[in-house]
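There are 4 protein chains.
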Amino acid sequence: MALTESDRISLRRDLHRRPEPAWCEFYTTARLAEELKSQLDLDALHVGPDAIAGDHRMAVPDEAELAYWYDRAREADHRMAVPDEAELAYWYDRAREAGVDEAVLESLEGGYTGLVAVLERGEGPTVGLRVDIDGLPVEESDDAAHEPAAEGFRSEYEGAMHACGHDAHATIGVGVLERIAESGEFSGTLKVFFQPAEEVVGGGKSMAKSDHIQDVDHLLALHIGLDHPTGEIVAGIDGFLAVRHLEAEFTGESSHAGGHPEQGRNAVQAMATAVQNLYGIPRHNDGKTRVNAGVVEGGTAANVIPEEARILAEVRGETTELMEYMHSKARHVVRSAAEMHECTVDFAIGAEAPSATSDQELVDIVADVAGRTEGVERVLERDELGGSEDATFLMQAVQENGGTACYVGIGTDHPGGHHTPTFDVDEASVAHGVDVIAGTIERIGQRGF
Amino acid sequence: MALTESDRISLRRDLHRRPEPAWCEFYTTARLAEELKSQLDLDALHVGPDAIAGDHRMAVPDEAELAYWYDRAREADHRMAVPDEAELAYWYDRAREAGVDEAVLESLEGGYTGLVAVLERGEGPTVGLRVDIDGLPVEESDDAAHEPAAEGFRSEYEGAMHACGHDAHATIGVGVLERIAESGEFSGTLKVFFQPAEEVVGGGKSMAKSDHIQDVDHLLALHIGLDHPTGEIVAGIDGFLAVRHLEAEFTGESSHAGGHPEQGRNAVQAMATAVQNLYGIPRHNDGKTRVNAGVVEGGTAANVIPEEARILAEVRGETTELMEYMHSKARHVVRSAAEMHECTVDFAIGAEAPSATSDQELVDIVADVAGRTEGVERVLERDELGGSEDATFLMQAVQENGGTACYVGIGTDHPGGHHTPTFDVDEASVAHGVDVIAGTIERIGQRGF
Amino acid sequence: MALTESDRISLRRDLHRRPEPAWCEFYTTARLAEELKSQLDLDALHVGPDAIAGDHRMAVPDEAELAYWYDRAREADHRMAVPDEAELAYWYDRAREAGVDEAVLESLEGGYTGLVAVLERGEGPTVGLRVDIDGLPVEESDDAAHEPAAEGFRSEYEGAMHACGHDAHATIGVGVLERIAESGEFSGTLKVFFQPAEEVVGGGKSMAKSDHIQDVDHLLALHIGLDHPTGEIVAGIDGFLAVRHLEAEFTGESSHAGGHPEQGRNAVQAMATAVQNLYGIPRHNDGKTRVNAGVVEGGTAANVIPEEARILAEVRGETTELMEYMHSKARHVVRSAAEMHECTVDFAIGAEAPSATSDQELVDIVADVAGRTEGVERVLERDELGGSEDATFLMQAVQENGGTACYVGIGTDHPGGHHTPTFDVDEASVAHGVDVIAGTIERIGQRGF
Amino acid sequence: MALTESDRISLRRDLHRRPEPAWCEFYTTARLAEELKSQLDLDALHVGPDAIAGDHRMAVPDEAELAYWYDRAREADHRMAVPDEAELAYWYDRAREAGVDEAVLESLEGGYTGLVAVLERGEGPTVGLRVDIDGLPVEESDDAAHEPAAEGFRSEYEGAMHACGHDAHATIGVGVLERIAESGEFSGTLKVFFQPAEEVVGGGKSMAKSDHIQDVDHLLALHIGLDHPTGEIVAGIDGFLAVRHLEAEFTGESSHAGGHPEQGRNAVQAMATAVQNLYGIPRHNDGKTRVNAGVVEGGTAANVIPEEARILAEVRGETTELMEYMHSKARHVVRSAAEMHECTVDFAIGAEAPSATSDQELVDIVADVAGRTEGVERVLERDELGGSEDATFLMQAVQENGGTACYVGIGTDHPGGHHTPTFDVDEASVAHGVDVIAGTIERIGQRGF
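Residue numbers (full-length UniProt numbering), protein chains in the order written: chain A, 1 to 449; chain B, 1 to 449; chain C, 1 to 449; chain D, 1 to 449.
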């Protein structure tokens, strides 16, 4: 039974109401599994630990780190990219309360989220579609002008929000599966990768390291919005900034701030000095560079010279070399700031993602299909992302195997910017996404690459 | 039945094992109530809301603030001086699990901790003794050389510690009550104030505003350690730095750190600029000044330009004028740093405490008694604290009513400095404290002030 | 009589030995005037005040500013972009000592430098060539591996250097004049603009505002090096960053640094805070941005809290909008830093230059001529400068009058980077410059635009 | 012939008109020499190189340093504590133009300034009096309310000023010599040390290392003002902060700020980071500490990433240990800031001075004499300076030889603070200084220590 337009909107809104951060997409995964099982006669559905290469989950702590964080449970910052046991449990419990299939849920325990849905339709190429499913630590607007607030599907989880449209992405993934299953126009195998943990640049690598990607001949990925209005399609997006996450933990020495300030070694001074100088890393003439001290914290009490402080930063570059330039400078700044205030500093490198380019032959197909799609008014051949995306891991994997890849932009009118409290998508664009992507997949099957 | 030396040690170690932060001294209060009730025939025991003027609890959030913090439960920082509902509940539950009298515990709900124990012994002056009972957010050392670790009474609450000897203070308070009750040498009324929330400079004011202090003619307060060795007594401590806590909350605007860094207004940059310049406030020629950015935090994710950041700072001065100088400069620095990064900033003034001086007539008595006390090898008439203490609120209240006050230092060998993970007390000094204070109280009663 | 290759080298080396900063090109101007007069039968030679629109000399102080700087003669910083009377006198005297024509020299007094040389060769278009002539405040390397040091034509003026190849530019200008005068292949009028003060982005505007540019139909400008090797020609350089210079003068209040630090308002703290945050202005997604606190100074003595401090900064942007973004942010940062330290701040906007683009029809001619020029091995149609240039004022003036303009890159092997102590040019490239530019001018005359 | 009151005022005003910085007191020395020779029949007058131990002139460059500074004559900062050849010549020429004895002037060449005047009056102790004679790099107020401006004796040297009363000190020195020569009440030897270069804490040590101090039994030193009003005398000033000057020179690498900012290593960023963190060195609980980045500079042009930058700082402490604490922290901060921006840093330690205490027996005499002196309304036994003074070198030398020393404060109404543009002395206090010091010297002679 086909998904109607209103079914899709319902699904999207249901996901929107329950945004979950990276590696905690318990509800989302289980809900998608239910949806897929009830609507489709899939040839395979790999869920959670079967969908990803668990060892390659970036941004997930190793044993030692888990122990470390557990020991300081009281001071654990839940907003760090790294979910500790407490955070995993928190979201797991919320998913259970929301009433999803317990068996599925249990299989996800420990932060193994995501799915790979497979449809086999005879001879032909294996086509992959990657959509991401995680939310963001942004507090959603409750302004009446914000449609999810007005229409009653605002996030039910305070402090978490689908502020980047991944709810729509997941919906498009389901829609494409359903369309291909129904239409009979596709010959080959379709795999849809519902990828977790894009926002921490963590899930892409673990899916790229799983076996599921190995036989994919052609990969499509997509993003909604990106300042393109409803009715506009970008056939091939490039300009992915290479990115790396970097955690620095400063350790100084506490002392009584009134009685003996001179006996302390102030980790917060070290951190503040580092932040000031991180943003001052010289701009590079070879292209775009970025740095952000996205999360910081330090100290324990007003009257104690702070002994510890942390920075979770990210660096980016238009090329991997530029990202490495920023990374190297950033570490140097942080180390010197620690040294200045007689602190030690420990680094942890978090997630990262490479650059990637869309292959022209897929760009051509997407552009052609988009040009014939109802509701699509304008097709751009290429545009720059100017941000980062770990879909590049999957694109790279397919391209290294001799396949092709293409990242497609689906325009949508969005009132607020990505990652801000008033972000929303124009739901009409979900159909454009389904139509363009499904059409492209069919065409690939027909061409018999 | 008198407390033996080993009873006292047991009590102290029991308290040491369960350090609780300011306004969360649930176990401590209930345990002391049990101890006092079982050991002593008190004339009155005022517990929790009956012991303090609840409206004057500094550093406790008002309704609006509670709502504010509740709303952002996910990101609430438990280490801020201000305990939110979740933190109160956390400690309340721990106290219950530790097995204290449920009835007492219930009376403390909402963060109304502390006790006032009263002994009436006929005609004579009313003498007050103030001891404080709260712990600190310091993680206690588990080094074998650290006696509480070696002897098995290290803090059971990770991240909290009696790192300033308040466990010994509370024990001395109990010991003095017991001694006075037993000895029959005192004529008058004795009130022992077991004060909560000294470390956030919050409990002193609320006890000073309660009725219990109104009829006190002479007040003693004490502190153990302060770099004085076991066997040394300081008859009168002065040089309390006036102190004020200051919270600043920066609000900027988030944006995508890769895609549109220029659209953000970076609250973490504002905070770091403020921290750098707070520590650079000019030293003042008129006396000691202090500033500390004790707790900071900001941002939500590596890839989002931080929209919010916070500083919990304190300023101090050798006089109130010097503290006001620091406070005024600090606000100015913070405001300008916010302005620089196009953020707004909201301030909340937290707790504060004035300066105070010990009265000579009490200093004379303490010095004389100490000189005759077994185990006391050296008596200093006066010394400077160089820190802050909210006992000054109680001292000021008594002195304004025409009474006298004296702050006594009880030397103890302490391996680590105050507020550090290896702080500990030489338990022999507990007896010195009981002997000197009880002896002084008896002498005051005899002299019939 | 034609200039031989060795004459050119001699001229270049003579200029190299006597680099003069912006508006102080006294020797250079007079020497070029002598060379042109002795070698060529020019139709006009406009020198100094006759060559430029003196009122539009950017970065030259107005009366009030001159008075201001004169008053503080002792503390005048000679390295500021703005030459005060003392600096002008210093360089004027050096030029006289170097033995140039006194009459010419006198006409330049007050910092009116530069020349416009005119050759009339019958009917045809008026073609302009702009070359710049000023040196930089860089101390030239005296390493034996540095050819000017090895060959004895290192700068004789300590602290000044032709570190950007303007000595070669001026030589090419002379060489082109001589070639056109000799060849008889050009029909029309040739004007060579020997422009002063490019490095402070000051001379371009004053030449653009002079009458000499008004009748120019086609303008060529050139730069040597720019990381292109000898034998490479870039037919049209674009990507000029718009630039603006900005001076900020902080005024606080001095006090005795030992006795009353709290009475001071520290201008150096304000300046340091500004510098830290200037470099931290957010990168902009729309294109290249730059900021540099190129010259700073402050304070008067170790034991005085600094009352004054200054920053000479520049901001740049890939477009004028991006430059304005940086300018607006920079002023805001500076103002807030002043406010933070209770200082006032006065701004002076210095020189600026717009962006510009080379016209395709001239690019085509240059590319074609270059492709046929001996010694030229590679021709690039377009490249990005990634820096700024006030030739854009002249290009803009010609283009606004309906003419065309083209900026040509002449490759040269240069051991050190531009603006560094080991910069040098491969003298073989001087001939390439003369040949390509002269050939282009002849072609323009033939085509009869 | 005795100096009348109006002679003294004339002398003081003449010196006030010609303030000279440390080691450049050419006019002052020669003028004092003339005054002393014409008014007094001295037994010896040691001038310039004969007055000081030239090798111990602190803050005077060694050969290498002189060469270094000479080489970069163009960028030499005349306001640095270290006078280079150019600055010495500048002031030397001014002194000559002011018309002093050429023979004396010549003997001072190279910055050997100061005098020691000796009066022998028979048997008895050798008494020393130390007065300092140098001016400050402060621009004197020209406000009509500023008496030197109104009365026509404002500094004739723009940017230099007697802003600390050393003109009055020198006058008192002359007055005391004259008084002792006339009165016949003194038995013994009087040596008046007219010390140069106090403000850079440089002259005291070189006088202390000369032979002249070796036989001094009792030393007096004095300062006018210090927030004490006219008519008040402080018999013994203590609380001299130990001080040390510290120069740091950062060297990075220049690059084109527009074209290749990433190739630079920015010395101004290093310097700004250092300044921010120098002022943030933790306050010390043991007593007063100070730090000041008194003079900074860096960079060469707006469009060049700054290669060099300098800080001239000073650190102080209530004790030598506290000064060493500040010194050690300051170096560490500077080194780490250099490292952070990949710069090297060279340090030069400049002048320094120890602490000192006035001997009680001299304090008693001064107090007694002051109490009997006309115009003196109030005598304080002791007060704290809260600043630094290199008279402490001379005091220390005498005390180490078994003698005694006393530092006397002469109150004067001063409208502006020391080291500010509106500082001035009440000339009536000059007589108090002469009377108290001369009276004390006579009493010392009588007592026959």
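Glycine included, C-beta positions come from ideal geometry on N, C-alpha and C.
{"Asked": "Under 7 Å from the C-beta of D/S336: neighbouring residues of chain A", "Found": "S336, E339, M340"}
{"Asked": "Buried versus exposed, by CB contacts within 10 Å (16 or more), A/A67", "Found": "Its pLDDT being 36, under 50, A/A67 is placed unreliably by the model, and the measurement read from it follows with that caveat. By the 10 Å Cβ count, A/A67 comes out exposed."}
{"Asked": "Contacts of B/H284 in chain C (Cβ-Cβ under 7 Å)", "Found": "E262"}
{"Asked": "Any chain D beta carbon closer than 8 Å to residue 537 of chain C", "Found": "Outside the modelled stretch of chain C, which goes from 1 to 449, sits residue 537 of chain C, for which no answer is possible."}
{"Asked": "Spatial neighbours of B/D435 in its chain, beta-carbon cut-off 6 Å, leaving aside the 5 residues before and after", "Found": "T373"}
{"Asked": "Chain-ordered chain B contacts of D/T289 [CB-CB under 8 Å]", "Found": "R283"}
{"Asked": "Short CB-CB distance (under 8 Å) between C/A330 and chain B", "Found": "no"}
{"Asked": "Simplified DSSP assignment, three categories, for A/F423", "Found": "coil"}
{"Asked": "Continuous beta strand (DSSP E) stretch holding C/F26: start and end", "Found": "Looking at the DSSP string, C/F26 is not in any beta strand (DSSP E); the run it does join, the alpha helix (DSSP H), is 26-39."}
{"Asked": "Under the three-state DSSP convention, the category C/Q214 falls into", "Found": "coil"}
{"Asked": "Ordered list of beta strand (DSSP E) runs contained in the segment 72-158 of chain C, each at least 3 residues", "Found": "115-121, 126-132"}
{"Asked": "Residues that DSSP places opposite B/G191 in a beta bridge", "Found": "For the record, residue 191 of chain B in the displayed sequence is Lys; it is not Gly. In the DSSP output, where bridge partners are listed per residue, B/K191 has B/V118, B/G128."}
{"Asked": "Per DSSP, the bridge partner or partners of D/A313", "Found": "D/L246, D/A293"}
{"Asked": "Beta-carbon proximity of C/A51 to C/V116, cut-off 8 Å", "Found": "yes"}
{"Asked": "Of the listed residues B/E102, B/A353, B/D93, nearest to B/V200 (C-alpha basis)", "Found": "B/A353"}
{"Asked": "For D/T320 and C/S141, the rounded distance between their alpha carbons", "Found": "43 Å"}
{"Asked": "Which of helix, strand or coil DSSP assigns to B/T357", "Found": "coil"}
{"Asked": "DSSP bridge partner residues for B/Y407 (one or two, in chain order)", "Found": "B/A221"}
{"Asked": "Within 7 Å of chain D by C-beta, residues of the segment 384-415 of chain C in sequence order", "Found": "G386, G387, S388"}
{"Asked": "Residue closest to D/E324, alpha-carbon to alpha-carbon, out of D/E307, D/Y92, D/I281", "Found": "D/I281"}
{"Asked": "D/I349 classed as buried or exposed, judged by whether at least 16 other C-beta atoms fall within 10 angstroms", "Found": "exposed"}
{"Asked": "Inter-residue Cα distance where the pair is C/V127 and C/I213", "Found": "10 Å"}
{"Asked": "For A/M271 and C/R96, the rounded distance between their alpha carbons", "Found": "56 Å"}
{"Asked": "Closest Cα partner of C/A44 within the set C/V138, C/V192, C/T113, C/A86", "Found": "C/V192"}
{"Asked": "Cβ pair C/I410, C/I233 closer than 8 Å", "Found": "yes"}
{"Asked": "Sequence-distant residues of its chain with Cβ nearer than 6 Å to C/A242 (five each side left out)", "Found": "G317, T320, M323, P354, S355"}
{"Asked": "Exposed unless 16 or more other CB atoms sit within 10 angstroms - verdict on D/A73", "Found": "Unreliable positioning characterises D/A73 in this predicted model, as indicated by a pLDDT of 29, which lies under 50. A coordinate reading is not provided."}
{"Asked": "Contacts of B/G280 in chain C (Cβ-Cβ under 7 Å)", "Found": "Q269"}
{"Asked": "Chain B contact residues for A/T29, given Cβ-Cβ distances below 9 Å", "Found": "Neighbours of A/T29 on chain B: none; closest Cβ ~21 Å, over 9 Å."}
{"Asked": "Which residues DSSP lists as bridging A/H327, in chain order", "Found": "In the DSSP output, where bridge partners are listed per residue, A/H327 has none listed."}
{"Asked": "Beta-carbon neighbours of B/Q214, restricted to chain D and to distances below 7 Å", "Found": "Under the 7 Å cutoff, chain D gives no residues; its nearest Cβ is about 36 Å from B/Q214."}
{"Asked": "Inter-residue spacing [alpha-carbon to alpha-carbon] between C/P229 and C/L380", "Found": "12 Å"}
{"Asked": "Minimum C-alpha distance to D/D39 - residue among D/G175, D/A22, D/E384, D/L312", "Found": "The question names Asp, yet the displayed sequence has Gln at residue 39 of chain D. Checking every option, the nearest Cα to that of D/Q39 belongs to D/G175."}
{"Asked": "According to DSSP, residues forming a beta bridge with B/R382", "Found": "B/G236"}
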